[in-house]
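Number of protein chains: 2
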Amino acid sequence: MTARADYHHGDLAAAALDEALGLIAADGEARFSLRALADRLGVAHRALYNHFADREALLAAVAARGFAQLADGLAAASEPATFLAAYVRFARGYPGLYAVMTERHHAQINATPSLRAAVDRVIAVALAVLATPDADEDTRRREVMRVWMLAHGAIGLQRAGMLRLRSDADFIDEVLRIAGLVPPQEKAP
Amino acid sequence: MTARADYHHGDLAAAALDEALGLIAADGEARFSLRALADRLGVAHRALYNHFADREALLAAVAARGFAQLADGLAAASEPATFLAAYVRFARGYPGLYAVMTERHHAQINATPSLRAAVDRVIAVALAVLATPDADEDTRRREVMRVWMLAHGAIGLQRAGMLRLRSDADFIDEVLRIAGLVPPQEKAP
DNA sequence: GCTCAATGTATCCAGTGGATACATATCGAT
DNA sequence: ATCGATATGTATCCACTGGATACATTGAGC
Chain A
1 MTARADYHHG DLAAAALDEA LGLIAADGEA RFSLRALADR LGVAHRALYN
51 HFADREALLA AVAARGFAQL ADGLAAASEP ATFLAAYVRF ARGYPGLYAV
101 MTERHHAQIN ATPSLRAAVD RVIAVALAVL ATPDADEDTR RREVMRVWML
151 AHGAIGLQRA GMLRLRSDAD FIDEVLRIAG LVPPQEKAP
Chain B
1 MTARADYHHG DLAAAALDEA LGLIAADGEA RFSLRALADR LGVAHRALYN
51 HFADREALLA AVAARGFAQL ADGLAAASEP ATFLAAYVRF ARGYPGLYAV
101 MTERHHAQIN ATPSLRAAVD RVIAVALAVL ATPDADEDTR RREVMRVWML
151 AHGAIGLQRA GMLRLRSDAD FIDEVLRIAG LVPPQEKAP
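Protein sequence lines, in the order shown, are assigned to chains A and B. Residue 1 is where the first sequence starts when you use my numbering, and the numbers rise one by one after that. Residue 1 is where the second sequence starts when you use my numbering, and the numbers rise one by one after that.
Right, dumping it as structure tokens:
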């Protein structure tokens, strides 16, 4: 099962995912090609099709990995402000990956179990950190969505160039203020 | 200047923009090609390059048209709730166009004057409708951004499949509630 | 050991954005 | 009016992409 010598790669699926994630994390998927990926792995581009139905399926798998990493990062948060900060930091740290995770109409989302599972994990963490424990379900869901929508919207508008560019720290600080999670003149976490 | 007979088209730039907007509005830019566009206009695909530097520039022009239309649509709003509803309706009505407007790193945004101008018009309308008239500038900006981020985030999460699918009306209603623009049990505009 | 499904390779295809070279038309200066 | 510069459109090429089909190699289970 370890990386083997000649004909068979050993674990192409995992290696391809790792490599693809690395290629996409910063630069996004627009300039990403199956052939470039295959070249880096020292393999014919067609070999990838033994593990992923098509380019879209590979991207869905990459997105799943992204959501899993995101959930890990968020799990450490203990309150809304740190949650939001961690979320924004992830999205701004791996812009290409975040785009693949959120800017595709993943019909895939229900067709790819790992993706569905990873997204559900993020939602579970969000509920635990962001929602009032004893509120009814609709309220809890809306509490989560309010923060998530604000964070996701802020990130999107920033990336699209609609906002003044700031340092990451200032950006996070501003989002926290807009979300009402930081009292007017206080310092953000 | 009207559509001419033989060799010269007459006003290829405008015709191309119209046609591109039509092709992209619903389906987005992923499956959009310069060649398909040129075919529809009865012209060699290379002719388009006389009017647009490259594919990206054409998309920037399409985005500019989109923002102009959006600003028109928002101008009729008189209060935050109707503004937000109009915004969401636009984004959900022309998903492909909205994606081109917001999901590209328009370095273009400052390189394309018409795009910059159209975005500024949207921001101006938003300030007029969403901000407290006599508040200081930072507050006004944040009031606008809170609504814009919520709307944009909601649209993005919905499109990505992170939310339960609902009818457009229900979706708008839910966003208004989350934004705190509709009292708990009241009917949305 | 042998077989056969899993995995990789070789090669082809149509479609894409873009470049270069050339054809045709329009318009302003004379 | 005409003539030449310039804008506009065409013809043709290129490298590259995702995907399809046919074949080679391999190793796991019988």
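We put the CB at the ideal spot given by N, CA and C, even for glycine.
Sub-8 Å separation of B/Ala60 and B/Leu48 beta-carbons: Along the second sequence, one-based indexing puts residue 60 of chain B at 60. Along the second sequence, one-based indexing puts residue 48 of chain B at 48. Contact: no.
Contact between the stretch 160-177 of chain B and the stretch 71-78 of chain B (3+ Cβ pairs under 8 Å): No: fewer than three Cβ pairs fall under 8 Å.
Per-residue burial, A/Leu97 [other beta carbons within 10 Å of its own, 16 or more giving buried]: Along the first sequence, read from residue 1 onward, the residue named residue 97 of chain A stands at position 97. Of the other Cβ atoms in all chains shown, 16 or more fall within 10 Å of the Cβ of A/Leu97; this residue is therefore buried.
Whether A/Leu21 touches A/Arg65 by CB criterion (8 Å): As a first step, residue 21 of chain A must be located in the first sequence, where it is residue number 21. As a first step, residue 65 of chain A must be located in the first sequence, where it is residue number 65. Yes; because the gap between Cβ atoms is below 8 Å, this pair is in contact.
Unbroken alpha helix (DSSP H) run spanning B/Ala30, endpoints: Looking up residue 30 of chain B in the second sequence gives position 30. Per DSSP, B/Ala30 belongs to no alpha helix (DSSP H) and is neither H nor E.
Partner residues on chain B for A/Arg142, Cβ-Cβ distance less than 7 Å: To locate residue 142 of chain A, count along the first sequence from 1; it is residue 142. Close partners of A/Arg142 in chain B (Cβ separation under 7 Å): Arg177, Ile178.
Of the residues B/Ala85, B/Glu137, B/Gly28, B/Arg140, the one placed nearest B/Leu70, counting alpha carbons only: On the second sequence, position 70 is the one that residue 70 of chain B refers to. For the residues B/Ala85, B/Glu137, B/Gly28, B/Arg140, the minimum Cα distance to B/Leu70 belongs to B/Ala85.
B/Ile178 versus B/His152: straight-line alpha-carbon distance, rounded: Position 178 of the second sequence, counting from 1, holds the residue named residue 178 of chain B. Position 152 of the second sequence, counting from 1, holds the residue named residue 152 of chain B. Those two C-alpha atoms are separated by around 13 Å.
Three-state secondary structure (DSSP) of B/Met162: As a first step, residue 162 of chain B is located in the second sequence; it is residue number 162 there, counting from the start. B/Met162 carries a coil assignment under DSSP once its states are collapsed to helix, strand and coil.
Residue-chain proximity (A/Leu157, chain B), Cβ-Cβ < 8 Å: One-based indexing of the first sequence puts residue 157 of chain A at position 157. Chain B contact via Cβ: present.
Test: A/Leu150 CB closer than 8 Å to a CB of chain B: In the first sequence, counting from the first residue as 1, residue 150 of chain A sits at position 150. Taking Cβ atoms only, chain B reaches closer than 8 Å to A/Leu150, which makes this a yes.
Every unbroken alpha helix (DSSP H) within the stretch 52-88 of chain B, with a cutoff of 4 residues, ordered by chain: Entirely contained in the stretch 52-88 of chain B, the alpha helix (DSSP H) runs reaching 4 residues are, in chain order, 55-75.
Coil, strand or helix - A/Gly10 by DSSP: The residue given as residue 10 of chain A occupies position 10 in the first sequence. In the three-state DSSP reduction, A/Gly10 falls in the coil class, being neither helix nor strand.
B/His105 beta carbon less than 8 Å from that of A/Arg116: Locating residue 116 of chain A in the first sequence gives position 116, counting from the first residue. Locating residue 105 of chain B in the second sequence gives position 105, counting from the first residue. No. Outside cutoff.
Among A/Asp136, A/Asp134, A/Val88, the one whose alpha carbon lies nearest that of A/Trp148: In the first sequence, residue 148 of chain A corresponds to position 148, counting from 1. Of the residues A/Asp136, A/Asp134, A/Val88, the one whose Cα lies closest to the Cα of A/Trp148 is A/Val88.
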